[in-house]
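Residue numbers (our numbering), protein chains in the order written: chain Y, 1 to 332; chain H, 1001 to 1332.
Here is the structure we will look at.
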C-alpha cells in the first residue's frame, strides 16, 4: 500500500531532509511537496523522480494520509485545523503544539507508544531535546532522573538554511579578509560562540533552554524532573553536542550506565571512533544515531553521572525523528 | 628602578604576549628573552627596541629579579632550582608546582595576598580556571561555593601557537576543498568540537577538567568545594568561554550576584555589548577583563546560580595574570 504524504515546508533544510529520510526508511509513498507561493514550481529530486512544489493552502491536505510539518509555529497553527479536518495525521516539527495535553510528543525509541494516543497531531520535539533525551533515556530507565544540568554546543543548521548560509558566508569573508556581517545570528559566529538561542523568558532563560525541561519531562514521563540548561551556538554545521550531568534517584554506576546506553536502540556508545572514546559533531553528521561518550561519575553528587553526546540536528533532531514516528504508525 | 626580568619560553604564544603585557602594564624593566637552542638569535620587538633570544641554561638567571615562565612542565621543573638559587622570583605558567603546599597559586584580584607567601616560586593558574574563578569569585565572597558544574568552550590558543596554526591551516583546507589533516588536535577542529583536553585520569576526567576543582579550591581558599567539569575545544581563536552553575551555602539572589560581579575588579558584567547582555569570546579578545553574562537562577537547586563568562586565554588566562602578579609584587 502506498501512503499519500504531504511535506509542508518542503523547500527548507528540514523539509528536504524529510524527503531523504522517506527514501532512506523506504516508506512506500506518493509525496506532495508544499511551501509558500514563492517556491511554487521548484523541482526537488525524490525517489528517482522529482517533486514539483505546490503552494500550501487550506485545501492541500484532502486525501492525504500523513502530513510532515517543517514550518514555523505560525504556519503550523494556521494549517493544523485543515490537516486534522482532512483526516490526515499531522507530524509537526514546530513547537506550536508540543506541550498541549492532547498532543503526544514523541521520540520513538523512548516513548513510541504515546504516538498512538493522538487526536490527529503528533509533535516532534526540539532538536537538542531529542538528542539529549536519547543519551539519557537508558539511564532514566534504570532510575528516574531528579535533576539535569546541560550545556549545549549547537550547530548552525538549527537556525535553518539561513543559519547554514550565514556561517558559510562568514567563513568566506574571514578567508578573504573582508568585514564579517552576520545575516542570521546576533553576532559573528565563525571563530565565535553565542550563548543565546531563542527568545528570553522572564526567568532569564531562553525559550530553547526551557524546552529541555518542558519537553524532556513529557518525553520521559517524569513531570518532576528539574533541568537547567545553557544553549550555545558554535560554528559547527549540523550536529548538536550536549554535555549533561544527571542526578538519579538511586546511584547508577558508570558501568551500569554504559551497558544500558550501549543496548539502547538508536544510541551508540563511543568506544573507538578513530581511536577516540568520544564522539565529535562531525562523527555523527549525516546519520541518525546519537553517540554518547565521556560517561563518568559526577564529582559533585554521589548519585550523579556526566556524559557527552552528539547527534545530527537535521536528521535525528528533526527530519529522521519525524519519519521514524511515521514509520512507527504505519508499521503497527 | 628598573627590574631585570627573564622571560623563559619567550618565542611561544604566551611568552610573546608576556612581552606585550610588560609594555601594557608599563613595567620598568630590562628583559632577557630565553628559549631553546633552536630559537637563539630570533629578534622580538619590545618597548621600541628588540630582544635577541638567548638559549636558556642553568646560568641564565644570575642577576635577574623575576623570571616569567611560559614553558611546559618539564622545562619549568628543570630550571626552577637554578632560578630559585639565583634569588629571582619565578612566576611560572606551567602546572608543575601549582598544587605544591609551599607555592602560592595566584589570581591577583582574588587572592593576591597569597603571592607574598612565596619561597621563590609563584604559580600562575590554568587558563580556564583563572577565567572561571574571576567570574565566580564575587559570588564566593557573598557565600562559600559548595558545588560547581562547568562546561568549557575553549579556544585553540590554549594549545599554544601550534593550536592556532592547526585551526588556521584547517580553515584554509576547508575553503580550498582540500582534505583536512589535523596537526595538533586529535580530530578536525574547524566546524567541530572536541571534548578532550589534557590526558585522562583514572576517574574518567581529563587533567584539564580536574584543574578547575584542584586549582579552584586553592585560589578561593575553599578546600571542600566540589567541581565537575567538561572541557571542550571549539574553533575559536583566543578567548575561552565557560558556562557554570554554582551552588552556594546560602541563597544568593540574581540581583545580589550581579551587583557583586559588577563591582569586582577585572570583571565586567555584560549589560550592553552591541545591544547584547552577554559576551561572546570575540568581545573579550585582546584585553584583560573577564566578562560575565546570563546570570540567572539555577532551576535544579534553590541555592544555585548559572552564568556564562568569557576571557582572553592568552591574556588573563596566562600572560596578563602572570604580569599582574609581578606588578603586585613590585608595587607593594
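Ideal Cβ positions, reconstructed from N, Cα and C, are used throughout, including at glycine.
Note that the structure is predicted; figures quoted are calculated from it, not measured.
Measuring alpha carbon to alpha carbon, tell me which residue in the options is nearest residue i.
| i | options | result |
| --- | --- | --- |
| residue 1231(H) | 14(Y), 130(Y), 280(Y) and 145(Y) | 280(Y) |
| residue 11(Y) | 28(Y), 255(Y) and 32(Y) | 32(Y) |
| residue 1328(H) | 1259(H), 1272(H) and 1066(H) | 1066(H) |
| residue 1185(H) | 1196(H), 1130(H) and 1320(H) | 1196(H) |
| residue 1109(H) | 1223(H), 1219(H), 1272(H) and 1254(H) | 1219(H) |
| residue 37(Y) | 180(Y), 114(Y) and 56(Y) | 56(Y) |
| residue 307(Y) | 164(Y), 106(Y), 277(Y) and 51(Y) | 277(Y) |
| residue 153(Y) | 330(Y), 274(Y), 193(Y) and 26(Y) | 193(Y) |
| residue 228(Y) | 1021(H), 1298(H) and 1271(H) | 1298(H) |
| residue 18(Y) | 106(Y), 114(Y) and 44(Y) | 44(Y) |
| residue 255(Y) | 21(Y), 275(Y), 295(Y) and 205(Y) | 295(Y) |
| residue 27(Y) | 51(Y), 180(Y) and 1(Y) | 1(Y) |
| residue 140(Y) | 253(Y), 178(Y) and 25(Y) | 253(Y) |
Using the DSSP secondary-structure output, state which residues sit across from residue i in a beta bridge.
| i | result |
| --- | --- |
| residue 199(Y) | In DSSP, residue 199(Y) forms no bridge with anything. |
| residue 1003(H) | 1029(H) |
| residue 110(Y) | BP columns for residue 110(Y) are empty, so no partner. |
| residue 1291(H) | 1268(H) and 1310(H) |
| residue 1304(H) | 1247(H) |
| residue 1090(H) | 1067(H) and 1121(H) |
| residue 217(Y) | Answer is none; residue 217(Y) lacks a bridge partner. |
| residue 1315(H) | Looking at the DSSP assignment, residue 1315(H) forms no beta bridge with any residue, so it has no partner. |
| residue 1210(H) | According to DSSP, residue 1210(H) bridges with nothing at all. |
| residue 241(Y) | 153(Y) and 310(Y) |
| residue 330(Y) | For residue 330(Y), which the question treats as bridged, DSSP gives no partner whatsoever. |
| residue 148(Y) | 227(Y) and 246(Y) |
| residue 1035(H) | 1055(H) |
| residue 1325(H) | Residue 1325(H) is not bridged to any residue. |
| residue 1273(H) | 1276(H) |
| residue 1262(H) | Beta-bridge pairing links residue 1262(H) to no other residue. |
| residue 233(Y) | 154(Y) and 194(Y) |
With a threshold of 7 Å on Cβ separation, who are the neighbours of residue i within its own chain once the five nearest residues in sequence on each side are excluded?
| i | result |
| --- | --- |
| residue 1093(H) | 1014, 1069, 1070, 1124, 1318 and 1322 |
| residue 121(Y) | 80, 84, 90, 92, 97 and 103 |
| residue 1301(H) | 1247 |
| residue 144(Y) | 222, 248 and 249 |
| residue 1107(H) | 1125, 1130, 1133, 1134, 1219 and 1321 |
| residue 271(Y) | 277 |
| residue 273(Y) | 279 and 283 |
| residue 1041(H) | 1052 and 1053 |
Mind reading off the beta-carbon distance from residue i to residue j? Whole number of angstroms is fine, and I expect it under 8 Å.
| i | j | result |
| --- | --- | --- |
| residue 79(Y) | residue 8(Y) | 6 Å |
| residue 266(Y) | residue 292(Y) | The Cβ separation is near 11 Å, so there is no contact. |
| residue 244(Y) | residue 148(Y) | 6 Å |
| residue 190(Y) | residue 170(Y) | 4 Å |
| residue 61(Y) | residue 86(Y) | 4 Å |
| residue 138(Y) | residue 260(Y) | 4 Å |
| residue 237(Y) | residue 155(Y) | 6 Å |
| residue 288(Y) | residue 332(Y) | Not a contact, Cβ separation roughly 20 Å. |
| residue 326(Y) | residue 235(Y) | Contact doesn't hold; Cβ gap of about 33 Å is too wide. |
| residue 1047(H) | residue 1023(H) | 6 Å |
| residue 330(Y) | residue 3(Y) | 6 Å |
| residue 1082(H) | residue 1053(H) | Actually they are not in contact, since the Cβ atoms of residue 1082(H) and residue 1053(H) sit about 18 Å apart, beyond 8 Å. |
| residue 1175(H) | residue 175(Y) | 5 Å |
Near residue i, what residues of its chain come up, given a Cβ to Cβ distance below 6 Å and the 5 sequence neighbours on each side ignored?
| i | result |
| --- | --- |
| residue 5(Y) | 29, 31 and 66 |
| residue 1310(H) | 1239, 1241, 1279, 1281, 1284 and 1291 |
| residue 1391(H) | For residue 1391(H) there is no data in the structure shown, the boundaries of chain H being 1001 and 1332. |
| residue 1111(H) | 1219 |
| residue 217(Y) | 223 and 225 |
| residue 1021(H) | 1319, 1320 and 1323 |
| residue 1114(H) | 1104 and 1106 |
| residue 378(Y) | The requested residue 378(Y) does not occur in the structure, where chain Y is confined to residues 1 to 332. |
| residue 1118(H) | 1104 |
| residue 159(Y) | 184 |
Does the beta carbon of residue i sit closer than 8 Å to a beta carbon anywhere in chain C?
| i | result |
| --- | --- |
| residue 1139(H) | Any reference to chain C falls outside this structure, whose protein chains are Y and H. |
Cβ of residue i versus every heavy atom of the ligand NAP: is any distance shorter than 7 Å?
| i | result |
| --- | --- |
| residue 77(Y) | Absence of the ligand NAP from the depicted structure is noted, as is the absence of any ligand whatsoever, leaving it without description. |
Once the 5 residues before and after residue i are set aside, which same chain residues still bring their CB inside 8 Å of it?
| i | result |
| --- | --- |
| residue 187(Y) | 194 |
| residue 1099(H) | 1105, 1214, 1215 and 1218 |
| residue 1157(H) | 1013, 1163, 1164, 1237, 1238, 1313 and 1314 |
| residue 182(Y) | 166, 170, 188 and 189 |
| residue 1258(H) | 1269 and 1295 |
Report task. Entirely within the stretch 45-74 of chain Y and at least 4 residues each: give me those alpha helix (DSSP H) ranges in chain order. Result -> If we require 4 residues or more, the stretch 45-74 of chain Y turns out to have no alpha helix (DSSP H) run fully inside it.
Query - Residue ranges of each alpha helix (DSSP H) within the stretch 154-201 of chain Y, 4 or longer - result: 160-176
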